[in-house]
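J.: Chains as they are written, first to last, in my numbering: chain A, 1 to 120; chain B, 121 to 240.
Note that the Cβ used here is the ideal one computed from N, Cα and C, for glycine as well.
In this text the structure is predicted, and so the values were computed from the model without any measurement.
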């Protein structure tokens, strides 16, 4: 018999929380938060990112001025070693979560098909 | 040592695919698809739902006429026993997936906090 869905989900939560990728993310996040000026720089960048994403999701145009400002802020925060490492770690964890979602929702994908991709 | 994240995700996929809720959904979905007229009614309803959701996500207003049409189509499909059961099964599986997501992403929630809810 297969394991209970909730038990399996808790096992996965544990595996994710204890994974190297997540542990590194946690450590870098703590390092950024421990330094007030680094934290403030990172928060500014994050807020700007969220703002632009919300605009895109609502189908609003992002102006050239906004895009340029975002690029400049990105280059600025990237120069900070800890922030740069944190952003790489976030990307790795984000890819891990994407992997997890793809694997876990496979039964649904097989049932409904993937409308984005034409069937073979 | 904790299990590998991908292995844990595959275990969860298996548990979800073999769960009673998912198996019932699969069986009802097959029943709907086996009857051309029922399938066509359900497809119409589903397409209308997707269309309205896309409008909402893009911040567009849904007209009173559209809302009324949607309600009528909903009442019509609900009268079909298999479709009605299928929609209940879909809701149960959807809640199961929500549960799974909440459990699995808990390490991230603990790290970043939940901006939607004010902290206690």
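Taking one C-beta from the segment 79-86 of chain A and one from the segment 30-49 of chain A each time, how about it: are there three or more such pairs within less than 8 Å?
T.: With a cut-off of 8 Å on Cβ pairs, the segment 79-86 of chain A is in contact with the segment 30-49 of chain A, counting three or more such pairs.
J.: Exposed or buried, what is residue 13/A when buried is set at 16 or more other beta-carbons lying within 10 Å of its beta-carbon?
T.: buried
J.: Which class does residue 139/B belong to by DSSP, given the choice of helix, strand or coil?
T.: coil
J.: Residues of chain A with CB closer than 8 Å to the CB of residue 171/B, please, in chain order.
T.: Simply none; closest approach about 13 Å.
J.: Could you check which residue in 228/B, 231/B, 229/B, 219/B has the C-alpha nearest to that of residue 8/A?
T.: 219/B
J.: Starting from the beta carbon of residue 121/A, find every residue of chain B whose beta carbon is closer than 7 Å, and list them in chain order.
T.: Residue 121/A is absent from the model: chain A starts at 1 and stops at 120.
J.: DSSP three-state call for residue 178/B: helix, strand or coil?
T.: coil
J.: Round the Cβ separation of residue 227/B and residue 22/A to the nearest angstrom and send it over; I've been treating them as touching at under 8 Å.
T.: Confirmed, Cβ separation roughly 6 Å.
J.: Just mark residue 135/B as buried or exposed, buried being the case when its beta carbon has 16 or more other beta carbons within 10 Å.
T.: buried
J.: If you drop the 5 nearest sequence neighbours on each side, which residues of the same chain put their C-beta closer than 7 Å to that of residue 52/A?
T.: 62, 66, 70
J.: Would residue 61/A count as contacting chain B if we go by Cβ distances under 9 Å?
T.: No, its Cβ sits nowhere closer than 9 Å to a Cβ of chain B.
J.: Below 9 Å between beta carbons: does that hold for residue 24/A and residue 89/A?
T.: yes
J.: Let me make sure I understand the geometry here. Which of 94/A, 4/A, 27/A has the alpha-carbon closest to that of residue 140/B?
T.: It is 4/A.
J.: Name the chain B residues that come within less than 7 Å of residue 19/A, Cβ to Cβ?
T.: 125
J.: Using a cut-off of 7 Å between C-beta atoms, extract the partners of residue 96/A located in chain B.
T.: Correct list: 125.
J.: Is there a Cβ from chain B that is less than 9 Å from the Cβ of residue 38/A?
T.: It does not: the Cβ of residue 38/A has no partner Cβ on chain B nearer than 9 Å.
J.: Kindly list the residues whose CB is nearer than 8 Å to the CB of residue 73/A, restricted to its own chain and excluding five residues on each side of it in sequence; keep chain order.
T.: 44, 45, 48, listed in sequence order.
J.: Consult DSSP for residue 53/A and reduce its assignment to one of helix, strand or coil.
T.: helix
J.: Buried or exposed: residue 76/A, going by 16 or more other Cβ atoms within 10 Å of its Cβ?
T.: exposed
J.: Under 9 Å, do residue 87/A and residue 78/A count as touching if we go by C-beta distance?
T.: yes
J.: With DSSP collapsed to three states, give me the class of residue 120/A.
T.: Low per-residue confidence applies at residue 120/A: pLDDT is 40, beneath 50, and the placement is therefore not dependable, though the value from the model is reported in the following sentence. Coil at residue 120/A, not helix or strand.
J.: What residues in its chain sit with their C-beta under 6 Å from that of residue 224/B, if we drop five residues either side in the sequence?
T.: Nothing meets the Cβ criterion.
J.: Since residue 111/A contacts residue 149/B with CB under 8 Å, what's their CB separation in whole angstroms?
T.: 6 Å
J.: Between residue 211/B and chain A, is the shortest Cβ-Cβ distance under 9 Å, so that the two count as touching?
T.: Not closer than 9 Å to any Cβ of chain A, the Cβ of residue 211/B fails to qualify, so no.
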